[in-house]
Amino acid sequence: MRRLRRQLSKWAGSMLDLPKDVIYDLPRITMIGNMQTYIENHRGVVRFSDQELELLLSKGKLAIRGSGLVMRAILPEEVFVEGRIDEVKYLDT
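Heads up: the sequence shown begins at 8 in my numbering, then just goes up one per residue.
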């Protein structure tokens with residue numbers, strides 16, 4: 008059943024010219040230098056401090072490390088982070 012759903016999503020995405028993040032429920036990460044990061048399609052905040060942000064994704068986690076990290080905006084599926092960003096890492100669990 009999962010395979011059929013994936014194939015149907017893939018077909019619909021190609022017919023409607025949808026972006027892959029929508030089709031496969033993937034996060035979209037937009038960075039401006041090492042100062043700002045905007046993450047869409049997350050499933051919640053696991054951990055946050057001024058040095059680390061860990062977000063739950065539909066498959067895995069996303070870890071952002073740096074210094075002076077501040078969440079400027081947090082919405083149900085979007086997070087906007089500022090500070091000095093040293094590392095963005097996808098953790099496959």
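Beta carbons: idealized from backbone N, C-alpha and C, even for Gly.
By the DSSP assignment, the beta strand (DSSP E) with residue i in it spans what residues?
i     : result
Leu62 : 59-63
Thr44 : 43-47
Ser74 : 68-82
Leu33 : Segment: none, Leu33 is in no beta strand (DSSP E) and carries neither H nor E.
Arg50 : Run containing Arg50: none; DSSP gives neither H nor E here.
Gly40 : Gly40 -> no beta strand (DSSP E), and no H or E assigned at all.
Asp99 : Where Asp99 is concerned, there is no enclosing beta strand (DSSP E), given that its DSSP letter is neither H nor E.
Just the C-alpha distance for residue i and residue j, rounded to the nearest angstrom, thanks.
i     : j     : result
Pro83 : Arg50 : 8 angstroms
Lys66 : Ile46 : 15 angstroms
Glu61 : Phe55 : 6 angstroms
Thr44 : Asp57 : 14 angstroms
Glu89 : Met78 : 6 angstroms
Asp32 : Met42 : 26 angstroms
Val95 : Ala80 : 18 angstroms
What's the call for residue i, buried or exposed, on a 16-neighbour Cβ count within 10 Å?
i      : result
Val86  : buried
Gly75  : exposed
Thr100 : exposed
Leu11  : exposed
Leu64  : buried
Leu69  : buried
Return the Cβ separation of residue i and residue j in integer angstroms, given the expectation that the two are a contact with Cβ distance under 8 angstroms.
i     : j     : result
Ile92 : Ile71 : 6 angstroms
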